[in-house]
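Numbering (the working numbering), first residue to last: 7 to 313. Okay, so here's the structure we're looking at.
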Amino acid sequence: MKKKTLITIWEYITLTVACFIFAMSWECFMIPNGMSAGGMMGLCTVIQYATGGFLQAQYSYIVINAALIITAVFAMGIGFGFKTIYCIAMSTIAMQILSSVPALHSVAGEFFYIRETLLIPIFAGVLESVGLGLTLRYGGSTGGTDIIALMVNKYWPVSLSTVFFISDFVIVALLLFLPDKNFADACYGLVEIVTFTLMIDMVVGGKKSSYQLLVFSDKFQEIADYIAVRMERGVTVLQARGWYTKKDREVLLILISQKEFPALSRVIKDIDPRAFMSVSPTHNVYGEGFEEIKAGIHTKKKNNGTE
């Protein structure tokens, strides 16, 4: 019990730091330089610029996320974990704190000032990927377009990656409708999106990627039951033979999303500390519970993986 308590405390400390890193990318670099990018924070910055700063990004961020969570619960019955709510609230608090400390802003005369404008969205993209990457790694989420993607994906045969791309593109394009913004501002936003996409792939394997796991354990039944019942994911039991021992044994084949991997790995370790696990990142998984098969067939997805 003491060990689990310490692990939980460490997770929330890490999530808190991650939220501040995420907030820093926006409040210290993007917003002080009048820039925007994709995601919910990108939309919130556009709202801030459109209202002349009257409606600050951190306030619209928490209001829109709260509305999305309520809508998603009614539309899909989604059970959002406490970590997601915690990360959304902590990110808002972090943005409020950082926005009130001009010394941390990347503007002329301050320590974080960057003379080359193009480097600002690049550095911000790196910070955002680290912050969001750590958040996802420890089971949290900053909400926003993730929630929108899940709702669209449930009712229409549109892949999650398509929803992310369209939403990011539309949000950046909104800058062009503001009188004091131009095409260059939209380009800076695209630079931030590209940097973020490349970097988050290095931090946690990419928010749209999946993993293929091979689990060797004498307690394979307990692990398989947890995946099937608690996670509502599919799992395949393969019959194998260890050539050294010449004994037959069972191997679990699991396909799982990147967000679910940290929680599953901890469960496997708790059930069987001696379990052997092989993990392979896979960026293209098609079928129920993952990406839609592009065959022109419109089917509703179910929350399954392998059978």
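Glycine residues also receive a C-beta, built at the ideal position from the N, C-alpha and C atoms.
Confirm, please, whether the CB-CB distance from tyrosine 217 to phenylalanine 267 is below 7 Å.
By the CB criterion at 7 Å, phenylalanine 267 and tyrosine 217 fall inside the cutoff.
Going by beta-carbon coordinates alone, are glutamate 198 and alanine 43 separated by less than 7 Å?
Cβ atoms of glutamate 198 and alanine 43: closer than 7 Å.
Helix, strand or coil for alanine 246, going by three-state DSSP, please let me know.
strand
Compare the beta carbon distance of proline 185 and valine 113 with 7 Å and say whether it is the shorter of the two.
no
Helix, strand or coil for leucine 184 per DSSP?
In this structure, DSSP gives leucine 184 a state outside helix and strand, which the three-state scheme calls coil.
Thinking C-alpha only, which one of Leu124, Val23, Gly48 is nearest valine 176?
Closest option to valine 176, judged by alpha-carbon separation, among Leu124, Val23, Gly48: Gly48.
Can you give the beta carbon distance from threonine 141 to leucine 12, rounded, assuming they're within the 8 Å contact cut?
Actually they are not in contact, since the Cβ atoms of threonine 141 and leucine 12 sit about 20 Å apart, beyond 8 Å.
Could you compute how far the alpha carbon of leucine 220 sits from the alpha carbon of serine 135?
28 Å
Local conformation of isoleucine 229 per DSSP, three classes:
The answer is helix: DSSP assigns isoleucine 229 an H, G or I state.
Under 8 Å Cβ to Cβ from arginine 247, same chain only, skipping five residues before and after it: list those, please.
Lys253, Asp254, Arg255
In chain order, what are the residue ranges of uninterrupted alpha helix (DSSP H) at least 4 long that sit wholly in the region 43-94?
Counting only runs of 4 or more, we get 45-56, 63-82.
Nonlocal neighbours in the same chain, by C-beta distance under 7 Å from leucine 110, ignoring five residues either side
Cys34, Leu104, Phe118
Let me check one thing: in DSSP terms, what residues is valine 285 bridge-paired to?
Leu219
How would you call phenylalanine 60, buried or exposed, if buried means at least 16 neighbouring beta carbons within 10 angstroms?
exposed
Between the beta-carbon of isoleucine 277 and the beta-carbon of glutamate 238, is there less than 7 Å?
no
Determine the direct distance from the alpha carbon of alanine 190 to that of lysine 9, and round the result to whole angstroms.
52 Å
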